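Notes follow once the structure below has been shown.
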Amino acid sequence: MSARASLRLPWVEKYRPRRLADMVGNASAIREIVAWLKSWEKGIPEKRALLIYGPPGVGKTTLVHVLAREFGYELIEMNASDLRRAEDIRRIARAADIGSLFGSRGRIIFFDEVDGMSGTEDRGGLAEIMEVIKETRIPIILAANDPWDPRFRPLRDLCKMVRMDRPRPSDIVKLLRRICLAEGIKADPAALRVIAENAEGDIRSAINDLEAIAEGRKVITVDDVRHLAKRNRQHDAFATLKMLFSARRCDQAKAILSQSLLDYDMLLQWIHENLPYQYKDPEELAKAYEALSKADMYFGRIVKTQNWGLLSYALEMMTAGVAMARKRPYRFVKYQFPQRILLMAKTKEVRRLREEICRRIASKCHVSRKCANAEVLPFLRVIFEGNPKMAAGIAKWLDLSEDMIRFIVGDRRKAKEIVKYMRK
Amino acid sequence: MSEILWTEKYRPRKLDEIIDQEEVVARLKQFVRERNIPHLLFAGPPGTGKTTAALCLAYELYGDRWRDNVLELNASDERGIQTIRARVKEYARTVALGEVPFKLIILDEADNMTSDAQQALRRIMELYTATARFCLIANYPSKIIEPIQSRCAFFRFQPLKKEHVIERLRYIAQQEGVEVTEDGLEAIWEVSEGDMRRAINTLQAAAALGRVDADAVYRVVGRAKPKEVAEMLALALKGNFLEARRKLRELMINYGLSGVDIIKQVHREIMSPRSALKIPEDVKVELADLAGEIEFRMVEGADDEIQLSAFLAKLALIGRRLYKG
Amino acid sequence: MSEILWTEKYRPRKLDEIIDQEEVVARLKQFVRERNIPHLLFAGPPGTGKTTAALCLAYELYGDRWRDNVLELNASDERGIQTIRARVKEYARTVALGEVPFKLIILDEADNMTSDAQQALRRIMELYTATARFCLIANYPSKIIEPIQSRCAFFRFQPLKKEHVIERLRYIAQQEGVEVTEDGLEAIWEVSEGDMRRAINTLQAAAALGRVDADAVYRVVGRAKPKEVAEMLALALKGNFLEARRKLRELMINYGLSGVDIIKQVHREIMSPRSALKIPEDVKVELADLAGEIEFRMVEGADDEIQLSAFLAKLALIGRRLYKG
Amino acid sequence: MSEILWTEKYRPRKLDEIIDQEEVVARLKQFVRERNIPHLLFAGPPGTGKTTAALCLAYELYGDRWRDNVLELNASDERGIQTIRARVKEYARTVALGEVPFKLIILDEADNMTSDAQQALRRIMELYTATARFCLIANYPSKIIEPIQSRCAFFRFQPLKKEHVIERLRYIAQQEGVEVTEDGLEAIWEVSEGDMRRAINTLQAAAALGRVDADAVYRVVGRAKPKEVAEMLALALKGNFLEARRKLRELMINYGLSGVDIIKQVHREIMSPRSALKIPEDVKVELADLAGEIEFRMVEGADDEIQLSAFLAKLALIGRRLYKG
Amino acid sequence: MSEILWTEKYRPRKLDEIIDQEEVVARLKQFVRERNIPHLLFAGPPGTGKTTAALCLAYELYGDRWRDNVLELNASDERGIQTIRARVKEYARTVALGEVPFKLIILDEADNMTSDAQQALRRIMELYTATARFCLIANYPSKIIEPIQSRCAFFRFQPLKKEHVIERLRYIAQQEGVEVTEDGLEAIWEVSEGDMRRAINTLQAAAALGRVDADAVYRVVGRAKPKEVAEMLALALKGNFLEARRKLRELMINYGLSGVDIIKQVHREIMSPRSALKIPEDVKVELADLAGEIEFRMVEGADDEIQLSAFLAKLALIGRRLYKG
């Protein structure tokens, strides 16, 4: 690398870790991944593919590159900038010679940004990746931000799943300090702390922010980072809600729309979550919810008619309408993250199970999935709770897995009993 | 006792085994004899044998090859008319196997389609009329658009007679070696509202618990519906909005209930004389009216949870007037 | 009983056979005598003989060659003005056969065209005016754009008289050897609302079930008997909400009625001077108001059962005020 | 009576013949004198002479050669901007014939173009500015994007004066040998709302029926006579709900009016200062509110009869409060 | 007055000429000095100089060779996933010409790109970082997927200050020899809502009419003067319904406004903190909701006049409650 070029390289590239020791955070995840990779030396492991998932900027792609370098593998990479149709996947697999017993040693196939595969453009790609995994005799690594989409379910079954988390701000500060040192910059630790906090565990954005601020400076003070634009969503939401609920005029309430970074859907969820905390008086609460209900109707009408002219009314009811419900003085409350979003994430697996059970009932009983849920499943629950033997028969007939049975009876012990009958 | 769902085990395999639809059966058998059918529209209440009749027709038309010649779709499962078009297209492309020169496409819950989707369906029906026949199944025939109705032979399924339902239940119980009492059968008839599928499901669930008497039946019915609805209403009326909303989320997320499902149950709970809520009559009416309003808003709106929360907030307000005023 | 549609079998073949449209017929016969017609616009309620008049005009103008000289289109069937343009173009290209120097193009349901399409139609009419005459048929003439209206001779068809419709039905029944009762004929008149086509179709459908009495008529049109609707309303007004709702379910299930069907019947019952319900006029007013609200919600897609329950709940409240207050 | 449309036959051929647009005409005549025009934007209500002015401008600019130098397009006719681009391109390629060094492209209903299409149009205008001038015609200038507005000289057309419209109608009637009554002319003015084209079309359509009096006018535009509508409203307000409803049905059937037609007329009657109904202003307020609600429901597809009944019912309730309370 | 668009003619060519974004400009100039930039994300309201800043950056970085080194793709260019994978990737891969070792790819309105396309972009940004830098421009940065946000230095553009916008407009007017009044400038500021591009376009459009005063400005944007709208609302709220309606018709006719135009202005006036109407804050919400309902109805096809009457009627009813109650 020439001196001129390296000078021009952004710091995220310049200081991209080259060795495992340079990685920030996620020590246990890295240990797990290294162990899996090493197990290939003893033969083909049970899971032939590794799916690394986690939020952006925590170092997933970097880690894979470092591993390859450290353990001497050649990396064959495909990412979202490549066409990834079935034939493209197959071509790469062939190039990597995945089936060869001897010659392929020393290669890894890396499918990055798996969740960025396009439904239309990359038709058949996902299915082909799974085929490749089933056949492979060399390690395959995949990376994704969100692997929980239902279409990845069969893929998840095939892969060893390892999660990488956001590193703590203190880890990021350490890294930033190291970069400053290398660049000959004097930085106030408090300023670095602000950058690190603001990045919310996204290492890459922390480095980018540092570089943008340091451009042309040799000293960085807290004052310099004051204007750092907030990517930070959570804190922004708190401030936004406070502004909204303390507003005394419609225009003040509406002003949050231009000042918040939350998108409208998200803002709606935040308001919905926190209404009962803010408004303890039933009258205020009912009035505020009336406004929110109206806002939602406008959103619904927008979706149905595609008439975006109605958006301003939706937003107004959601902000001014909610704020003007207040009759008493504003009081501070601790705002909550929308529990529904957490709940939806937490219950993803459960909901998937329910859906799958309904699908099986639907196909056996000639009913819709909705009908299966409303008309058949409740009776199944009674049977499964009360009669493990009959339950076992039905479970076999519907081809239910153990999790599904557990889901239906809602009790681990009873589920075990049913499974025992099934084996008989 | 056998261990698959009895609704399937005892589903008739022949047109002649279908209960209470003599006229329908006679006409369908004529079609079978002629090896030719027009497009069909089966209408009638749930659980009167519409889907069964369609399947029996298929068995008798195609014999062992029925699987190759029948496509079963459910309009409320398929995502929009595009998917239906695609599946029909792919399916109708290949020639029918066997002697009958057309395939059969059974489209259940066709009255759930929007009228735009039905217009598209009508064109699909026209397009593939040479190679396929459609059998549309609906609860409310008046929700099927006129141009489709006029292209179909219409079959109205009658509500089942009490004695025949009970006779069938008794036969199944006997086959399965289940003890049933008279009042048990009466109770099943009562709760199943003429819907044979629900009746058999109730029988099986009650049988799973032991002897089938009225008690057992009501027990099954009680357990089969989530108790959280009544709890949610009670909490809201008592002014505990946060807890009520938590229950609401449980119902929606854990039970996979839609907003309309919940409002229906709310309605039932409010108006039930057996409800533990002890709501005065005039407040009941107010609540029913409110439930109607909120349901309408859910149809117009985008987010059921927000609308139902607004409903709970109103409830809390009413509750205050009721209990403190 | 013959198999073909009676509406076709008994459709008048001569202008003179048309019922109740003396003025229209006189003017049309004048045109036939002159062997020349302008563009025509026939307007009036459904089933009053508009299409029949157009066809009779064609028979009398062209005699046996009418098939070669008449093109029948339906504006709501043909897919857009492009198709109409193409078909008219192809059709009008060839010369009229026989003595009359122009062809006749009958365009049914012309008021269903968008005003853009009508603008295009207007240009088509201008273009082919030398070789073709248009006969536009519409229920609502106000939905025909003025530039077309000003090019057409206008004919308004009157609603048919009850005695003439019944007379015609009785004639057909006699020809077909069908037994009809007086209340059956009354019921047909009731449900067909002056629409002859609907009346005859109803007669034929009811005849397929055997004797044509009121019961049979309400069965084939998928309506509840007015008496049953009145019963449900009476129950609700007496404050017996649960019974009223049970009755409602029964109506929906037994007759396969949708919510909008039911509310229409409720409306009819409320408004009927012959209703068995003795509701004071000022209560009728409230019910009519309510029915409008509920119907709108259901049209927007709200759930039938919830909305109708809300309706009955309100009724119970009104009833209480009425009878106890 | 001639066969061609009177709106064409009596369309002014010279700028000076245009009615009521003195300022516009003066500015346009200046352009003619200078033999140079900028791009033009004509805005104003329908039937105030915008297209006529564009054509007159063309006649006066190009004289006999106007056909070679003018391209008339209708933005809502031509299929999208692609067609416009193609046609303009082809047209503007050739040099203008005669003394004026540019051609004129008249683009009617320009406000019906999407803003994307207008963006494209803007580029076309730039591209051909040397050889062609555009005259855009719009009802709503606010729907023309700013970058186009900033390129055009803006002309606003004023609504026409009643006496001038009537004078013109009288002139045409005289030329055509049609008998018109005073109340006929009044009625035409009433229904055409300042739109000259509509006024003349209505005159022609009414003339086709014979003498042009108020009756004939309301008949051809498919409206009830204001007096009858007022009668119906009066009945309802007096609490005579059932009578009012009978009147309503009569209006709908006799005039072939749809529900929306009726409500529009009701609205007009309520608002008319000449109405025979002596409704206090605060009641008018309530009626206007109601009419809006009912009209919307019918637009959404609710049943005309049920909704209009609901409307009359509300009227009766208001009337009761008003006169008995 | 020149023919080309003033927004282009007066677009700043240097970073220093950009208005009101000192912080952004300071940092960008720093990049220019260092001849190095990170990937950039420019976010902020429309018309605050984002695109201008990106172009100025390009001019200053590359000087005369900017055309060789900059790829600009905006919303009207194809930017689907194929383009990103083919064209953008190809462009990013080839070496830059001149001293600066990388090219600049400007993606305007990046928040309108599909998330598929954005996904395809993220790794390109990393892989070709040695040869290309991206500048993404967005009104709503939250619509940029997180992995891309995290790859960019983030710049938020502030809304422009009134005095600076007006100063700029005055400068342009002077350059173009256009007469502007104080109230004209105020009006432009009012209607352009801080969007400089819109402000300049409005100035140019109004200048085409002659002197730029408030009248001219409101005329070209197709809006009534806020004062007049406020007058109408005040009349309605005072219960003077018929007068308010007269005013409404006047506004619609004089300004050529459609129903939706009017309701949008009414909405703006109601919510404006500077409105002369002095409506209590909680009533504002009620009125806004009403306006939304009415706009929805009109969008769905309901009649403008009936619906606006209904709106004024509601206003009168609210006013009655407010002022007399």
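Residue numbers (this note's numbering), protein chains in the order written: chain A, 373 to 796; chain B, 14 to 338; chain C, 14 to 338; chain D, 14 to 338; chain E, 14 to 338.
Think of the CB as a built atom: it goes at the ideal place given N, C-alpha and C, for glycine as much as any other residue.
Computed from a prediction, not measured in an experiment: that's the story for all the values here.
Count the other C-beta atoms from every protein chain shown that fall within 10 angstroms of the C-beta of residue i, then say buried if there are 16 or more, exposed otherwise.
{"i": "D:Lys-327", "result": "buried"}
{"i": "B:Ala-56", "result": "buried"}
{"i": "B:Tyr-141", "result": "buried"}
{"i": "C:His-177", "result": "exposed"}
{"i": "E:Gly-235", "result": "buried"}
{"i": "A:Met-689", "result": "buried"}
{"i": "C:Ser-89", "result": "exposed"}
{"i": "D:Arg-287", "result": "exposed"}
{"i": "E:Val-258", "result": "Sequence check: residue 258 of chain E is Arg here, not Val. E:Arg-258 should be labelled buried."}
Is the beta carbon of residue i less than 8 Å from the beta carbon of residue j?
{"i": "E:Arg-246", "j": "E:Val-279", "result": "Per the sequence presented here, residue 246 of chain E reads as Leu, with Arg not at that position. Their beta carbons are under 8 Å apart, which means E:Leu-246 touches E:Val-279 by this criterion."}
{"i": "C:Gln-320", "j": "C:Gly-272", "result": "yes"}
{"i": "E:Ile-150", "j": "E:Thr-65", "result": "no"}
{"i": "B:Leu-300", "j": "B:Ile-292", "result": "yes"}
{"i": "E:Asn-152", "j": "E:Asp-121", "result": "no"}
{"i": "B:Ala-212", "j": "B:Val-230", "result": "no"}
{"i": "E:Lys-102", "j": "A:Ser-453", "result": "yes"}
{"i": "A:Leu-639", "j": "A:Ser-630", "result": "no"}
{"i": "B:Ile-275", "j": "B:Met-265", "result": "yes"}
{"i": "D:Phe-254", "j": "C:Val-298", "result": "yes"}
{"i": "A:Ala-559", "j": "A:Ile-592", "result": "yes"}
{"i": "A:Gly-573", "j": "A:Arg-538", "result": "yes"}
Which bits of chain E does residue i rub up against, with CB to CB less than 9 Å?
{"i": "A:Asp-581", "result": "Ala-166, Phe-167"}
{"i": "A:Asp-469", "result": "Simply none; closest approach about 24 Å."}
Output, in chain order, the set of chain C residues within a Cβ distance shorter than 7 Å of residue i.
{"i": "B:Gly-207", "result": "Ile-266"}
{"i": "D:Val-233", "result": "Gln-162, Phe-167"}
Spatial neighbours of residue i within its chain, please: CB distance less than 6 Å, with the 5 preceding and 5 following residues excluded, ordered by chain position.
{"i": "B:Lys-238", "result": "none"}
Counting only the same chain and skipping the five closest in sequence on each side, list residues whose C-beta sits under 8 Å from that of residue i.
{"i": "E:Val-113", "result": "Arg-48, Leu-74, Tyr-75, Asn-82"}
{"i": "B:Arg-98", "result": "Ala-133, Ile-137"}
Residue i versus chain B: which residues are under 9 Å apart at the beta carbon?
{"i": "C:Arg-310", "result": "Gly-305, Glu-306, Glu-308, Phe-309, Val-312"}
Residue i CB to nearest chain F CB: under 8 Å?
{"i": "C:Phe-170", "result": "The chain inventory of the structure shown lacks chain F, comprising the protein chains A, B, C, D and E."}
Find the residues of chain C that neighbour residue i, judging by a C-beta separation of less than 8 Å, and give them in chain order.
{"i": "D:Gln-217", "result": "Ser-163"}
What does residue i reach in chain C if we use C-beta pairs closer than 9 Å?
{"i": "B:Asp-57", "result": "According to the sequence as given, residue 57 of chain B is Gly; it is not Asp. In chain order: Ile-266, Gly-269."}
List the residues of chain B that residue i touches, going by C-beta distances under 7 Å, in chain order.
{"i": "C:Ile-319", "result": "Ile-276, Lys-277, His-280, Ala-304, Gly-305, Glu-308"}
What does residue i reach in chain D if we use C-beta pairs closer than 9 Å?
{"i": "E:Asp-77", "result": "By Cβ distance, chain D contributes nothing, its closest Cβ being about 26 Å from E:Asp-77, past 9 Å."}
Q | Three-pair Cβ contact test at 8 Å for the stretch 487-494 of chain A versus the stretch 126-135 of chain E | A | yes
Q) Counting Cβ pairs, one atom from each stretch, are 3 or more of them under 8 Å apart for the stretch 520-535 of chain A and the stretch 408-428 of chain A? A) yes
Q) If you pair each beta-carbon of the stretch 739-754 of chain A with each one of the stretch 705-717 of chain A, do three or more pairs fall below 8 Å? A) Touching, no.
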